[in-house]
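2 protein chains.
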Amino acid sequence: MQIDGLQYANWSETVFRQMREGGVDAVHVTIAYHEMFRETVSNIETWNRHFEAYPDLITRAGTAEEIRAAKAANRTAIIFGAQTPAPMEDDIGLVEILHTLGLRFMQLSYNNQSLLATGCYEAEDPGLTRMGREVVAEMNRVGLVVDMSHSAERSTLEAIEHSTRAIAITHANPAGWHPALRNKSDTVLRALAETGGMLGFSLYPHHLRGGSDCTLEDFCRMIADTAELMGAEHIGIGSDLCQDQPDSVVEWMRVGRWTKRIDYGEGSAAAPGFPRQPEFFRDNRDFPGLAEGLRGVGFSEADVRGILGENWLRFFATGFGPAP
Amino acid sequence: MQIDGLQYANWSETVFRQMREGGVDAVHVTIAYHEMFRETVSNIETWNRHFEAYPDLITRAGTAEEIRAAKAANRTAIIFGAQTPAPMEDDIGLVEILHTLGLRFMQLSYNNQSLLATGCYEAEDPGLTRMGREVVAEMNRVGLVVDMSHSAERSTLEAIEHSTRAIAITHANPAGWHPALRNKSDTVLRALAETGGMLGFSLYPHHLRGGSDCTLEDFCRMIADTAELMGAEHIGIGSDLCQDQPDSVVEWMRVGRWTKRIDYGEGSAAAPGFPRQPEFFRDNRDFPGLAEGLRGVGFSEADVRGILGENWLRFFATGFGPAP
Numbered sequence: 008m009q010i011d012g013l014q015y016a017n018w019s020e021t022v023f024r025q026m027r028e029g030g031v032d033a034v035h036v037t038i039a040y041h042e043m044f045r046e047t048v049s050n051i052e053t054w055n056r057h058f059e060a061y062p063d064l065i066t067r068a069g070t071a072e073e074i075r076a077a078k079a080a081n082r083t084a085i086i087f088g089a090q091t092p093a094p095m096e097d098d099i100g101l102v103e104i105l106h107t108l109g110l111r112f113m114q115l116s117y118n119n120q121s122l123l124a125t126g127c128y129e130a131e132d133p134g135l136t137r138m139g140r141e142v143v144a145e146m147n148r149v150g151l152v153v154d155m156s157h158s159a160e161r162s163t164l165e166a167i168e169h170s171t172r173a174i175a176i177t178h179a180n181p182a183g184w185h186p187a188l189r190n191k192s193d194t195v196l197r198a199l200a201e202t203g204g205m206l207g208f209s210l211y212p213h214h215l216r217g218g219s220d221c222t223l224e225d226f227c228r229m230i231a232d233t234a235e236l237m238g239a240e241h242i243g244i245g246s247d248l249c250q251d252q253p254d255s256v257v258e259w260m261r262v263g264r265w266t267k268r269i270d271y272g273e274g275s276a277a278a279p280g281f282p283r284q285p286e287f288f289r290d291n292r293d294f295p296g297l298a299e300g301l302r303g304v305g306f307s308e309a310d311v312r313g314i315l316g317e318n319w320l321r322f323f324a325t326g327f328g329p330a331p
Numbered sequence: 008m009q010i011d012g013l014q015y016a017n018w019s020e021t022v023f024r025q026m027r028e029g030g031v032d033a034v035h036v037t038i039a040y041h042e043m044f045r046e047t048v049s050n051i052e053t054w055n056r057h058f059e060a061y062p063d064l065i066t067r068a069g070t071a072e073e074i075r076a077a078k079a080a081n082r083t084a085i086i087f088g089a090q091t092p093a094p095m096e097d098d099i100g101l102v103e104i105l106h107t108l109g110l111r112f113m114q115l116s117y118n119n120q121s122l123l124a125t126g127c128y129e130a131e132d133p134g135l136t137r138m139g140r141e142v143v144a145e146m147n148r149v150g151l152v153v154d155m156s157h158s159a160e161r162s163t164l165e166a167i168e169h170s171t172r173a174i175a176i177t178h179a180n181p182a183g184w185h186p187a188l189r190n191k192s193d194t195v196l197r198a199l200a201e202t203g204g205m206l207g208f209s210l211y212p213h214h215l216r217g218g219s220d221c222t223l224e225d226f227c228r229m230i231a232d233t234a235e236l237m238g239a240e241h242i243g244i245g246s247d248l249c250q251d252q253p254d255s256v257v258e259w260m261r262v263g264r265w266t267k268r269i270d271y272g273e274g275s276a277a278a279p280g281f282p283r284q285p286e287f288f289r290d291n292r293d294f295p296g297l298a299e300g301l302r303g304v305g306f307s308e309a310d311v312r313g314i315l316g317e318n319w320l321r322f323f324a325t326g327f328g329p330a331p
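Those protein sequences? They're chains E and P, same order as listed.
Everything in the first sequence is counted per our numbering, starting at 8 for the first residue and increasing by one.
Everything in the second sequence is counted per our numbering, starting at 8 for the first residue and increasing by one.
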């Protein structure tokens, strides 16, 4: 079982075929950044057309059982997630509606302050807001996983503490390895693991030591160090692969509709676009190479299987849907 | 010229006739609390039907000149405002659209954290957000007045500092007189006045010393003390009159869609509804009584005219529309 904890490709038959070639059995796909409710529904409609057009390659999944069934049928299971809370607008009632429509992950904030929590690019981080506490409780009730990948430190720690169910950081790396605003402190990673949460390691160059020139060995040594910190059962992959996207998409991800100016986020005026992927992970077909790399730094076969998919599957089995 | 800096009545011919009886020449009316863009447009449609039905009583105004023309024609000028930034959703481009549709005031936050600033009921106040700074600049550009009536202290001070144009606190009283979360510190009131801003005194019982039993004399003495602090040219009335509203409306104001529970705000489980208005200000017909009260505590005729309307008119003349 191989699972990717986050991708946002320019979806196409090519990408879906590469998922099958790479043996990627399930992917958490971003269906919304700054899209509000109605626009998110339109994005789901687009996915429905993909499911109708490529039934031999992909299928929608909202439970661990559906992921197992997809694998048995040689299809890649597609799990919906949102990178900002924009799809729920200012309406707590939309949490359950979005879950019914298939959403299984929602970030509480994305770089900026949201109605719920603070993003990692704000100067100040006051933690969960009044509405944030209410919404986390509602997400816990219906089984919509809290994702704090783009959130700030205190907000993340408060989400871990306030949530009655394990949360995820679907795509980020340890800040101790590569000190980017988007990467996470040991304090956060330890608290995440202690509460049964999951970290997905990102392969987005801005999150990597050495950027696009990061090596497989350095990446896998970082995973080994993180396994020491968190335990090998709390880590997985969340590649953040943005395959075949035009640079206009990274601008939308960063700027949305919150400013009339350009905000380069992790990029810069000199390098405003998507960065080049590292050599060892250019698309879904490179997934098996990660297994080789993990073996190379000493992981057992059981740990490799856990990190490449089974840890995510176990997390999904308890995280998706109402609590028992 | 008599102007009320904020009302949210259950609008009807009765209320419009009482405005004329009380000699209220212009009113900033709330057209949205938690309504998002499309719902706000529906509320403007409702106002358009009022303007069509009662052309002899009310008229829409977006400039000081239109207010003077309305007074000359014996009509009450209606100025649109929003008590939360929900109508602009997450889209800075809606600032200009809302201004074009007639909006002249927008609060950056309402009790809770917004995308822009913090509300006065949050435990923490990190000040203006990244988006908040961008939106204030855009509001400055088009001439949509920043209103911080329901915002928290630091956010309010940062809005005053960051805004290149004078801002308003349309409806609140000094916290030194009545220490409610919604009332404002001397620090805020001084900074507001020093930058040419305006405070509208509220007649909503939860903002009054003695609540519903507050006397005209106590209210007017508070105004006299505030004139000492801010200068008599920076103060006006913002009655916060919520005439003829059912209690379901105060629940909407407090709870919106951010929680599934009841939040009593300034009320309580024992007194969840709208409080009883003070004897001396039950509706728009009591406006002339305020003039008597102000004379009674020693204000000059010029000051009385300023406080009851001319200060607001002067503020509108420079605050509405693009900067010169």
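The beta carbon of each residue, even a glycine, is placed where N, CA and C say it ideally should be.
Given the structure is predicted, the values throughout are model-derived calculations rather than measurements.
The beta-carbon distance between residue 35(E) and residue 177(E), rounded to whole angstroms, is 6 angstroms. This is short enough to meet the 8 angstroms contact definition.
Residue state for residue 325(P) is assigned as helix, using DSSP reduced to three classes. By the CB criterion at 7 angstroms, residue 223(E) and residue 300(E) fall inside the cutoff. Sequence-distant Cβ neighbours of residue 137(P) in its own chain, meaning closer than 8 angstroms and more than five residues away, do not exist here.
Per DSSP, the unbroken alpha helix (DSSP H) holding residue 23(P) starts and ends at 20 to 28. Shown in chain order are the members of the segment 96 to 115 of chain E whose Cβ falls below 7 angstroms from a Cβ of chain P: 96, 97, 98, 99, 100. Residue-level contact check: residue 119(E) touches chain P, since one or more beta carbons of chain P fall below 7 angstroms from its beta carbon. Look at residue 16(P) here: in three-state DSSP terms it is coil, with no helix or strand label. Cβ-Cβ distances below 8 angstroms link residue 292(P) to 25, 28, 29 in the same chain, with the five nearest sequence neighbours on each side left out; the list follows chain order. Excluding the 5 residues flanking it on each side, residue 317(E) has same chain C-beta neighbours closer than 6 angstroms at 8, in chain order. Distance from the CA of residue 134(P) to the CA of residue 284(E), rounded to the nearest whole angstrom, comes to 38 angstroms. Proximity of residue 93(P) to chain E, defined by a Cβ-Cβ separation below 7 angstroms, is satisfied. Taken in chain order, the unbroken stretches of alpha helix (DSSP H) that lie wholly in the segment 44 to 98 of chain P and span 4 residues or more are 44 to 60, 71 to 79. In this chain, the alpha helix (DSSP H) harbouring residue 194(E) covers 193 to 201. The C-alpha of residue 269(E) is placed about 36 angstroms away from the C-alpha of residue 189(P). Closest in C-alpha terms to residue 33(P), from the list 245(P), 288(P), 131(P), comes 245(P). According to DSSP, residue pairing for residue 39(E) in a beta bridge involves 89(E). Boundaries for residue 153(E): no alpha helix (DSSP H) harbours it, while the beta strand (DSSP E) harbouring it runs 152 to 154, taken from the DSSP string. Sorting 59(P), 281(P), 48(P), 124(P) by C-alpha distance to the C-alpha of residue 94(P) places 48(P) at the top. For residue 301(E), no pairing in a beta bridge is given by DSSP. For residue 206(P), the beta-bridge partners assigned by DSSP are 176(P), 242(P). Distance from the CA atom of residue 308(E) to the CA atom of residue 242(E), rounded to whole angstroms, is 15 angstroms. Residue 226(E) sits in a helix when the DSSP states are folded into three classes. The shortest CA-to-CA distance from residue 143(P) to any of 255(P), 192(P), 123(P) is the one to 123(P). Around residue 211(E), the same chain offers 247 as residues with beta carbons nearer than 6 angstroms, after the five sequence neighbours per side are excluded. The C-alpha of residue 221(P) lies about 6 angstroms from the C-alpha of residue 215(P). At a cut-off of 7 angstroms between beta-carbon atoms, residue 137(E) makes contact with chain P. For residue 281(E), the CB contacts under 7 angstroms within the same chain, skipping 5 residues up- and downstream, are 249, 252, 254, 257 in chain order.
Contact between residue 31(E) and residue 294(E) holds: CB atoms are separated by about 5 angstroms, below the 8 angstroms threshold. A straight-line Cα-Cα distance of about 48 angstroms links residue 105(E) and residue 72(P). Assigned with DSSP and collapsed to three states, residue 100(P) falls in helix.
In this structure, the CA atom of residue 85(E) is about 7 angstroms from the CA atom of residue 65(E). Counting the other Cβ atoms within 10 Å of the Cβ of residue 201(E) gives fewer than 16, which makes it exposed. The CB of residue 133(E) comes closer than 9 angstroms to the CB of 120, 125, 129, 130, 131, 132, 133 in chain P, given here in chain order. From the beta-carbon of residue 43(P), the residues of chain E found nearer than 8 angstroms are 96, 97. Contact between the segment 113 to 120 of chain E and the segment 101 to 119 of chain P is absent: fewer than three C-beta pairs spanning the two stretches fall below 8 angstroms.
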